[in-house]
Every structure is written in structure tokens, then in C-alpha cells.
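A quick write-up on the structure given underneath.
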């Protein structure tokens, strides 16, 4: 189809409310393969995939040359809790850089995100003004989300999303997925959200954010054989890039996918003054 109908970026689909009889049956009840990996990491200590480019350099100190390009005042790589670099597919010699500091003192928390280009000599240069996210400021925080009990928290980045988010002929966005966990005496819930970033008028900016996934594992009463029923719930969502535009940028549709949907679809349109998508 000319516009691929409603250009579907499959964030996930829904599997709702399956009950299993014991903890060791939970992973088989999770239908989304990527989340099966996450569950194995959290429950069994499986080695995680390097989804943020932490291992791009064997020597972490090599990230310092990118930090200096972004801001000479930034600390050395040792001052960051995580730091990574990955190529941006379809963008020649272009990379997405991320560095984060998760300090107990909110005043010292920071996430830096930048688009950099590498020349033939291996030198990096900025392609836009970087995004520096100070986590205690709601006005600048790009990773705010709700946890399972409704608290507004700062999500932990877990991976890039390089689906082709073509917002206009000249604007291609990428996503950062981030999560928040809620732990109960008998189970836990993983909430995931995504923020789209794009270069707008020479500056890397967060332009859209939405929930993408929820995995709940609720434990029931103890049974006579020493096991507990587990209620496993998966809620997954899709983002559609629509064929029509507002103020030069494609409209977006966010909706829950699959049977037993609870959330109503929402349309987002580009607000030129705010330089971001807003709910219609």
C-alpha cells in the first residue's frame, strides 16, 4: 500500500490473564519473546543482551572522547553508572550515545543522549545539540512513567528502538525503551514505556512518550502441595504512524493490541509551538 496502510510499528500484542500453577511455569506463559528473555534475566540470572551498546568498546575509557565532544565539562566514564553507543541503522556512520547516572541524590542523577557521527579517521562530531535529562526536573525529564501502583517514577533505560519512525520526509526518530518494577510479597510487575527522540531545529528532543508493555505476575494463595497459583497478565501496545499530517509531521495513534483490550486508542498530533506530540 502507498502508506503501508497505517504504518504499523508493532510494539507488542496482548495475552491476558493466564493462570499457571507454579513459579517455574511463568516463563512459558509469557508470549512475547523479548520479555521471556527479560524474565530469565531477572529470575534466573541469565546474561542480558547488550541492548544499549555498553560493550561497544572493550575499554570503557574510550567513551571519554565522545563525552568530551558532547561537553568538555562532563566527567570521565568512571563517573557514569552506564554508558553505551550503537549505530543508528540506515544512517551512515551515525551513532546514538547514552550515558546515565542513577545516584541516590536526585540532584546528581543525569542522563545524556546524543547523536554523533564518526569520520574516516574515527573522530566523532555532534549532529545536534545533545539531550541532557536531569531526573528531578519534571520539565526536562524524558523518562517519567507510572509504576504499577500509580507512582510517577523515572524509568531505567534498557534498549534502543530503531524501528523506522519516519515522522516527516526530513525527520527520522528513534526510541529509548525504559522500565519500572514494582515488587510485592507475592509477585512483581514490570512496566515499560518508550520515548521517541528526533532532531528538531538542530536540537535532539523527546517528541513523544507512551506506555508500551506491562507484565504482571501475581501470586495467589498457597496450595496444599506447597505451590501457588500465578496470575500472569501481559498488556502490549502499538504505535501507528498515520498517513495524514499536522503542522508538517505525521499524526500518531497509540492503542492497546489484542483481545480483551481495555485502553481506548489515542491520537497524537504535532504541536509546533511545543515541538512535541500532544494528545488530541
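Residue numbers (our numbering): 37 to 316. In this text, a Cβ means the ideal position worked out from N, Cα and C, and glycines have one as well. In this text the structure is predicted, and so the values were computed from the model without any measurement.
Exercise. To the nearest angstrom, how far is it from the Cα of residue 184 to the Cα of residue 158?
Worked result: As a first step, residue 184 is located in the chain shown; it is residue number 148 there, counting from the start. As a first step, residue 158 is located in the chain shown; it is residue number 122 there, counting from the start. For residue 184 and residue 158, the distance between alpha carbons rounds to 44 Å.
Exercise. CB-CB under 8 Å to residue 311, same chain, minus the five flanking residues each way: which ones, in chain order?
Worked result: Residue numbering aside, residue 311 sits at position 275 when the chain shown is read from its first letter. For residue 311, where only same-chain residues beyond five positions count, the Cβ hits under 8 Å are 236, 237, 241, 243.
Problem set entry | Alpha carbon of residue 95 to alpha carbon of residue 207, nearest angstrom | Residue numbering aside, residue 95 sits at position 59 when the chain shown is read from its first letter. Residue numbering aside, residue 207 sits at position 171 when the chain shown is read from its first letter. Using only the alpha carbons, I get a separation of about 34 Å.
Problem set entry | Cβ neighbour criterion (16 or more within 10 Å) applied to residue 215 | Working through the chain shown from its first residue, we reach residue 215 at position 179. Looking at its Cβ environment, which holds 16 or more other Cβ atoms inside 10 Å, residue 215 is buried.
Exercise. Among residues of its own chain, excluding the 5 on either side of residue 178, which ones have a beta-carbon nearer than 6 Å to its beta-carbon?
Worked result: As a position in the chain shown, residue 178 is number 142, starting the count at 1. Within the same chain, residue 178 has close Cβ partners 169, 231, 242.
For this session: Note the first and the last residue of the continuous beta strand (DSSP E) segment covering residue 100.
Result: Within the chain shown, residue 100 is the residue found at index 64, counting from 1. That residue, residue 100, is in no beta strand (DSSP E); its alpha helix (DSSP H) goes 100-106.
Exercise. In three-state terms, what does DSSP make of residue 114?
Worked result: As a working mapping, residue 114 is identified with position 78 in the chain shown. Helix.
Exercise. What's the C-alpha gap between residue 61 and residue 221?
Worked result: The residue labelled residue 61 in the question sits at position 25 within the chain shown. The residue labelled residue 221 in the question sits at position 185 within the chain shown. Because the pLDDT of residue 61 is 46, which lies under 50, any placement of that residue in the model is unreliable, and the question is left without a value.
For this session: Pick helix, strand or coil for residue 97, following the three-state DSSP scheme.
Result: Counting from 1 along the chain shown, the entry for residue 97 is found at position 61. Three-state DSSP puts residue 97 in a helix.
Exercise. Should residue 166 go down as buried or exposed, given a rule of 16 or more other Cβ atoms within 10 Å for buried?
Worked result: Along the chain shown, read from residue 1 onward, the residue named residue 166 stands at position 130. It counts as buried.
For this session: Keeping to the same chain, check which residues put their C-beta closer than 6 Å to that of residue 163; ignore five residues upstream and five downstream.
Result: Numbered from its first residue, the chain shown carries residue 163 at position 127. Contacts found: 151, 153.
Exercise. Among 253, 137, 307, which residue has its Cα nearest to the Cα of residue 267?
Worked result: To locate residue 267, count along the chain shown from 1; it is residue 231. It is 253 whose Cα lies nearest to the Cα of residue 267.
Exercise. Do you know how far the Cα of residue 314 is from the Cα of residue 135?
Worked result: As a position in the chain shown, residue 135 is number 99, starting the count at 1. As a position in the chain shown, residue 314 is number 278, starting the count at 1. Their Cα atoms are separated by approximately 27 Å.
For this session: Hey, could you find the ends of the beta strand (DSSP E) residue 307 is sitting in?
Result: On the chain shown, residue 307 is found 271 positions in, with the first residue counted as 1. Here the beta strand (DSSP E) through residue 307 covers 302-307.
Problem set entry | Backbone CA spacing between residue 301 and residue 246 [nearest angstrom] | Counting from one through the chain shown, the residue named residue 301 turns up at place 265. Counting from one through the chain shown, the residue named residue 246 turns up at place 210. Rounded to the nearest angstrom, the two C-alpha atoms are 12 Å apart.
Exercise. Where does residue 119 fall in DSSP's three states?
Worked result: For the purposes of this step, residue 119 is taken as the residue at position 83 of the chain shown. Three-state DSSP puts residue 119 in a strand.
Exercise. Can you tell me whether DSSP reads residue 59 as helix, strand or coil?
Worked result: Counting from one through the chain shown, the residue named residue 59 turns up at place 23. Note that residue 59 has pLDDT 46, beneath the 50 cutoff, so the model's placement of it is unreliable and the number below is only indicative. Helix, per DSSP.
Problem set entry | Contacts around residue 41, its chain only, beta-carbon distance under 6 Å, and the 5 residues preceding and following it disregarded | Within the chain shown, the letter at position 5 stands for residue 41. Its pLDDT being 34, under 50, residue 41 is placed unreliably by the model, and the measurement read from it follows with that caveat. Nothing meets the Cβ criterion.
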